[in-house]
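Residue numbers (our numbering): 61 to 250. Since the structure comes first, as structure tokens, the remarks are kept for the end.
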């Protein structure tokens, strides 16, 4: 048997010498990846609404506009490797979304409990305008939601819209009473 730069050659076989020792640089990279997964798991754990979307085919301009609209509404979007996403979801205690972590995946989420419909509304608006964007699924307040359920949620007005509707409904009787009083006053003047 002879030795030649990490290769052992015998009469009937060739052996490669492989050094499997993890060096300090590899340990640093692994630690960095573990921190990334842990940080993302903490963010997912706090999230009240999570959407998993497929962004394949979006232009840079479309992604930039989507991110801007999400950021303006205090909603975050992250593109992360599916293996990291699965590990983060597992650490956060999120179950039922594993089948959506396939292909190009972005996660849209918010920890804002006041308006969990906002991420769905923004992404649905873009999904209607851009064929390349699609919602794979999501989780709303700890419950797995299908694509159809998320679309229904997106149709509901936001918190401010609902409050303005409520104010309008509450003002209607007072307004009608004021019109009736004015009509009576006008008829007495004639």
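All residues carry an ideal CB built from backbone N, CA and C; glycine is no exception.
Asked                                                                                                                                                                          : Found
Excluding the five sequence neighbours on either side, which residues of its own chain have a C-beta within less than 6 Å of the C-beta of residue 129, listed in chain order? : 182
To the nearest angstrom, report how far apart residue 212 and residue 142 are at their CA atoms.                                                                               : 27 Å
Nearest CA to the CA of residue 166: which residue from 155, 174, 156, 193?                                                                                                    : 193
Since residue 197 and residue 112 should fall inside the 8 Å C-beta cutoff, what is the C-beta to C-beta distance between them, to a whole number of angstroms?                : 5 Å
Between which two residues does the beta strand (DSSP E) carrying residue 169 extend?                                                                                          : 166-170
Could you tell me whether the Cβ atoms of residue 207 and residue 195 are closer together than 7 Å?                                                                            : yes
Please report the distance separating the alpha-carbon of residue 160 from that of residue 97.                                                                                 : 18 Å
Out of curiosity, what's the CA-to-CA distance linking residue 94 and residue 224?                                                                                             : 45 Å
In whole angstroms, give me the CA-to-CA distance for residue 209 and residue 216.                                                                                             : 11 Å
Can you say whether residue 124 is buried or exposed, counting buried as having 16 or more other CB atoms within 10 angstroms of its CB?                                       : exposed
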